[in-house]
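Inspection log for the structure reproduced underneath, given as structure tokens.
Numbering (our numbering), first residue to last: 94 to 328.
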């Protein structure tokens, strides 16, 4: 199993850059990403949060059970700032905005967005065209629901490229699913932590990076109402 890159090591946790197509938990055909990292480092590790199998990027793993619980609580209290990158082969209804709504389970492990807001998922985003009908999204999820960003962008008419669950036709077929956990920021034990891991795989992510589109997204002045304290991390 490809482990990806160790981004940062702390006495209480590590930050890794998960490759796409790897399950955090044990799959039928794989031992699981957490177990693989634990074996590679010869130490027990605990999940702090989750990334979908198709999603690459920053993942926190606790080195002690208590640290993992504390960090997980930060996520639960929405005190961790997260920025994701995504690419779609479709233009969204709006170039930027907020997507809110309750999420309801659908068939075969999928989810759908409702118009009600009793316990809504909330995702802010901005986007820009990157050529050949592709659009690059910077997503700021305020909640942490299952498949949240994937369902949100589908609801805007711009399913993520390579997402075989929510995209259809040619958009469902790509060299990878184009969702990447790009940046994380939080405070832990009185210290501020800010991490960034640019996507390291995928033809369209490579093109966007080489053309300076990642920095261009940040250079467009993120909406003030995003109220970011720790992010973004610029090069």
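All C-beta atoms in this analysis are idealised placements derived from N, C-alpha and C, irrespective of residue type, glycine included.
Separation of residue j from residue i, as counted between CA atoms
i           : j           : result
residue 131 : residue 297 : 32 Å
residue 249 : residue 243 : 10 Å
residue 177 : residue 260 : 18 Å
residue 284 : residue 141 : 18 Å
residue 225 : residue 256 : 18 Å
residue 254 : residue 263 : 9 Å
residue 303 : residue 227 : 15 Å
residue 267 : residue 251 : 15 Å
residue 104 : residue 139 : 13 Å
residue 183 : residue 135 : 44 Å
residue 316 : residue 129 : 39 Å
residue 198 : residue 205 : 6 Å
residue 167 : residue 274 : 17 Å
residue 212 : residue 245 : 15 Å
residue 121 : residue 175 : Per-residue confidence for residue 121 stands at a pLDDT of 47, beneath the threshold of 50, marking its modelled position as unreliable; no derived number is given.
residue 156 : residue 125 : 17 Å
Closest Cα partner of residue i within the set the options
i           : options            : result
residue 328 : 300, 314, 316, 288 : 288
residue 181 : 301, 322, 101      : 301
residue 276 : 95, 192, 94, 101   : 101
residue 278 : 321, 224, 163      : 321
residue 208 : 196, 200, 201      : 196
residue 98  : 306, 316, 314, 291 : 291
residue 158 : 137, 323, 253      : 137
residue 117 : 156, 104, 94, 106  : 94
residue 44  : 110, 314, 306      : Residue 44 falls outside the range modelled here, since the chain spans only 94 to 328, and no answer is possible.
residue 235 : 325, 247, 214, 246 : 214
residue 106 : 281, 325, 318, 299 : 281
residue 203 : 179, 184, 247, 211 : 247
residue 108 : 286, 211, 114, 326 : 286
residue 238 : 299, 143, 323      : 143
CB-CB length for residue i against residue j, believed under 8 Å
i           : j           : result
residue 295 : residue 258 : Contact flag wrong, Cβ pair sits at about 17 Å.
residue 145 : residue 240 : 7 Å
residue 179 : residue 272 : 5 Å
residue 154 : residue 127 : 7 Å
Three or more C-beta pairs below 8 Å linking the segment 300–313 and the segment 215–233: yes
Inter-stretch contact (C-beta, 8 Å, three-pair minimum) for the segment 150–166 and the segment 183–196: no
Secondary structure, alpha helix (DSSP H): runs of 4+ residues fully inside the segment 147–190: 158–169
Cβ contact check for the segment 157–171 and the segment 191–205: 3 or more pairs under 8 Å: no
In chain order, each alpha helix (DSSP H) run of at least 4 residues that lies wholly inside the segment 252–306: 296–303
Stretch pair the segment 229–247 + the segment 153–162: three plus CB contacts closer than 8 Å: no
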